[in-house]
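Engineer:
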């Protein structure tokens, strides 16, 4: 530039306060959200020649495709192009890790809803009407639809994996008490409010720009390039924000981008592929169902001596991310407890259903639920309060080895549970509820305190890296790009705070711009709660690089010591002097100091050896606990959650309001998973919970008025970004306290002498049958 | 046709009869703040406010609202909430309470809450807010900050921009869409367009377009026919017009039928109740419709109009023929529903069992009433192909001394076998047949306990 800006250096903007760490500032897009001005993919301008995509879908769970007659599809009004698998110029398989996810099915279909062909038409309705005109001949094959069937037929997408610590069989066999149990845990539909969507626009020379609602723009770029047989540099993937992700847009967004890009390449026109809600609920993967079985040996105090657990995940027809998901279920089958001797077997069952995928917790919740179910069963067996059994088994110094060989180093949970037990008045309420239940027949109340210990880091080691790109402009304003995506979790807000704080600037000086593969390449998915840990550190690294150059310049130019150069309170302190930030940056520019830098971060210390099933897969653990109280109607199984108290560890919070929002939102989402959200298939393999009319996520009415969330204020001992901890996934598992409290209420029907089986979700129907179990037990005279 | 969009006169023509307000706003008006989350009226992301005859605004799901139906109305979207650059107080409150995360549901919540804040509110503020957002789903926040934002603004009403006086009304706002204002006009249209579909709230009919991509080429809108929307409680009979919305019924019947009105809070959401009508619920003939069990125990009578003129009368119980089938013949329309005021005063209980308390479809819905002759009347939804009276069970119970506090419970035990004669429920996504059968019995027991000994607990509203 020839001439620097003559605008006054200090911008007269609202947030002139220098950004603070730990301030509860609003979400960076809050104002755009409430005014409807925040743009999602479907809100981008629609060019006249925009085409819309729909797919023709398999009506069978497993079949050979003998013939497809698409002539009526081609003839349908508005249709511009139709593609089948043979039309894909590059790679057909869009699997994220292993293989087996064809973009369009070939001669075999493996789930109801699998795309067979795709249509591009001049409107969404035209595309949707056209796909219904196909004539497809199938030869129907036998289908495996349930976990039990897959186990019986050895139907797996990948080999099993096992964690082993000590000699569990001997420990269980010689223990004073042995019990075994089983719980079926259903999956969960993500129900992000913004459905899956992507838009591809052809650029010059065969290049493409792809807007996607994706947690993983780099994978979108890679798969689009592979499908179209292009070098990666011809494809730019961009994500500004998602209307919710929750894991559902980690791998599931890419096929939409690939089909939109394929049509864009073929027609030279911009193409949008938005899935209507029905297609989204049928065609995209969900949280896995799990069938969990355990055998446990323990002593009179309820202390675990040996545990043998089998976790069988319903992966669907392909591997997708199921290896990591079942692994994470296994890594969390101890939850907060020292198992002493343990065998934990994880099975990856193949069924002819949609391929299940990441969902907040990534398998972890299924492992945690299994062991919490076991804790309740032990307590009932011994006639103890389940909380006492839980406390008895918490990891402690000296009893701190996990079944995968990682030593627990930070022991926050004993303190968290003790504090929560006090603040929630657990013991007095337990006594009062027991008395209530003894004198009431048609209603019963339940109470449970459950902890969460959640491992932080991707278990695929190479994903634990991140990049950032920081530009400082000569008016003192900054743009930060990083590899993470914004899905509502507040990542952009935290990054904005980190960067503004690094330069002592107000938040308004830092624009967090959309995540693009041409800004920061080779990024990891925004997943595993790692968004801020990884990208925050990379952004900080970029800040430190620019600051080092600026500091060196100041030392030379102003003849001050390096320690006397400070970026504070909106200005630059140069010894006793102070200079406006923009003025200083302009001076640095004129003196040819670099004002742009990339940042990088890789997580230290982590490793895992699959052969020995030992290592340190996690840098640290995030911890928390919740107490939930419920009341049930024993005649119908209907219930209400009446109080929830949470104490949760986020290290040193970067933004308490955002962290509390994650905890509350995660809790309610977990509560939905375990109560009203019931994923169901019919006996032909068709999803019958295929619409918000028959799949019910919680409404505001379901959230108790007494919902108290407090942060456990303790800095992370690991050197994470400003000693904060990850918060995205762990709180979801706090809602297991609701499930356990419902079971507690059911157990009260038999005076707490049995632990009735309740599968998850504990719908009113499930609760009703559990009450019937308890009634039948009580009618037989109870325990002898 | 003409309507007002955020104060701006908006003229439309050459648009299909079945295009929704949401489609029109997003595709033709670049009004992109209103979002599509489900296109089935379940998520509320498309919620906006439409002016009513009384000048106030009602929240609606724009995904299910035919564009033509807003003729002469003012439509307020999130873009119209801020006035002269000043955020509406609910918008500021939502920022202050951190009520948005991903932001996609936020405009819908802002509209529902702005609607709830247009007038002064008496009574339980929290209940008012929960009611207003009963049709809004949020998957991120857990709702607490959204409810807090609503409670923050509630003490001070914030009036919305006045709706322009209706200047234009045409009988046919768009080709293929008619808005008759009298039954005479309606009969003429029925004769002239025998294939036209009748639409009132459209909360079910419009799904044929938004979910199955079927075209609805000819629609006759009943909502401007005064004789079909009135609720008349003069004399011994209560007449509820078939096109009376649930919201209108809530307002008109709170003293006459309080149990029914509080039960309506579990039917759909506020947005749905602002549009949905009694006639729609009856004529749609769904086995899990929520009003028919109550109407069956009230022994409601239907007045059915005919294209050629005249009316016929039919008991609701005789109206249902089979799954989704009624006696309504081509050229006929349901005009109104008649209830005996004496029977409305009878002791009655209404229960609904579903997976979620709000805005869910019944697994089983039960209605129970002691009629003026002391006879128990029982009807269920969700237990058969049609909403149905439990005739065998009624006959058994009414022969017993069932109102005796010492005996009722044993009589209800025995009633199970008669329920099994009356009903063979099915298993579907909402419940198993075993659970449905058990619920019919449980609800009967609950009702009798409440009616005989006055002991009644509903955990759904326990706080």
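Residue numbers (this note's numbering), protein chains in the order written: chain Y, 133 to 916; chain G, 13 to 475. From the three backbone atoms N, C-alpha and C, an ideal C-beta is built for every residue, glycine too. Remember, it's a predicted structure, so these values are computed and weren't measured experimentally.
1) Using only the alpha-carbon positions, how far apart do residue 523(Y) and residue 512(Y) sit?
2) What does residue 223(G) reach in chain Y if we use C-beta pairs closer than 7 Å?
3) Quick one: residues in its chain with C-beta nearer than 7 Å to the C-beta of residue 212(Y), no 5 flanking neighbours on either side, listed in chain order?
4) So residue 330(Y) is in the beta strand (DSSP E); what residue range does that whole segment cover?
5) Listing by chain order, which chain Y residues have their CB less than 7 Å from the CB of residue 116(G)?
6) From 550(Y), 540(Y), 491(Y), 535(Y), pick the residue whose C-alpha is nearest to that of residue 520(Y); which is it?
7) Should residue 722(Y) be labelled buried (16 or more other beta-carbon atoms within 10 Å of its own) or exposed?
8) Using a Cβ-Cβ distance under 9 Å, would residue 149(Y) count as near chain G?
9) Kindly indicate the opening and closing residues of the beta strand (DSSP E) around residue 337(Y).
10) Looking at C-alpha atoms only, which residue of 254(G), 41(G), 158(G), 234(G) is the closest neighbour of residue 104(G)?
11) Taking the alpha helix (DSSP H) that residue 560(Y) falls in, what are its first and last residues?
12) Grouping DSSP H, G and I as helix and E and B as strand, with all else coil, what is residue 243(Y)?
13) Within the chosen definition, does the segment 754-761 of chain Y reach the segment 865-879 of chain Y through at least 3 CB pairs nearer than 8 Å?
14) Give me, in chain order, the residues of the same chain whose beta-carbon lies closer than 7 Å to that of residue 329(G); leave out the 5 immediate sequence neighbours on both sides.
15) What does a CB cutoff of less than 7 Å around residue 320(Y) pick up in its chain, not counting 5 residues either side in sequence?
16) Looking at the C-beta of residue 6(G), does it have a partner C-beta in chain Y at a distance below 9 Å?
17) What residue range does the alpha helix (DSSP H) around residue 673(Y) cover?
18) Give a yes or no on whether 9 Å exceeds the smallest Cβ distance from residue 163(Y) to chain G.
19) Whole angstroms is fine: what's the gap from residue 391(G)'s alpha carbon to residue 321(G)'s?
20) For residue 533(Y), which beta-bridge partners are listed by DSSP?
21) Please state the DSSP three-state secondary structure of residue 81(G).
22) Closer than 7 Å by C-beta to residue 207(G): which residues in its own chain qualify, once you throw out the five before and the five after it? Chain order, please.
23) By Cβ distance below 7 Å, which residues in the same chain neighbour residue 718(Y) in space, the five residues on each side in sequence not counted?
24) Does the beta carbon of residue 471(G) come closer than 9 Å to any beta carbon on chain Y?
25) To the nearest angstrom, how far is the alpha carbon of residue 215(G) from that of residue 196(G)?
26) Quick check on this structure: which residue in 422(G), 464(G), 372(G) has the alpha carbon closest to the alpha carbon of residue 408(G)?
27) Pick helix, strand or coil for residue 693(Y), following the three-state DSSP scheme.
28) Kindly indicate if chain G contains any beta-carbon less than 9 Å away from that of residue 166(Y).
29) Going by DSSP, which residues form a beta bridge with residue 100(G)?
30) Shorter than 9 Å from the beta carbon of residue 45(G) to some beta carbon of chain Y?
31) So, does the segment 791-805 of chain Y touch the segment 824-831 of chain Y, judging by three or more C-beta pairs under 8 Å?
32) If residue 273(G) and residue 312(G) are in contact, beta carbons under 8 Å, what's the gap, nearest whole angstrom?
33) Tell me whether the beta-carbon of residue 644(Y) lies closer than 9 Å to the beta-carbon of residue 651(Y).
34) Tell me the rounded alpha-carbon separation between residue 21(G) and residue 641(Y).
35) In chain G, what lies closer than 8 Å to residue 569(Y) by C-beta?
36) For residue 385(G), count neighbouring C-beta atoms within 10 Å of its own C-beta (all shown protein chains included) and say buried if the count is 16 or more, exposed if not.
Structural biologist: Well, looking at it:
1) 15 Å
2) 410
3) 183, 252, 253, 254, 399
4) 329-334
5) 172, 325, 326, 375, 376
6) 550(Y)
7) exposed
8) no
9) Element bounds for residue 337(Y): n/a, residue is neither H nor E.
10) 158(G)
11) 558-571
12) coil
13) yes
14) 308, 401
15) 418, 419, 491, 805, 809, 811
16) Given that chain G is displayed from residue 13 to residue 475, the structure contains no residue 6(G) and the question cannot be resolved.
17) 669-690
18) yes
19) 33 Å
20) 539(Y)
21) helix
22) 230
23) 136, 606
24) yes
25) 25 Å
26) 422(G)
27) coil
28) yes
29) Answer by DSSP bridge pairing: none, since residue 100(G) is not bridged.
30) yes
31) yes
32) Not a contact, Cβ separation roughly 16 Å.
33) no
34) 40 Å
35) None at all; the shortest Cβ gap to chain G is about 14 Å.
36) exposed
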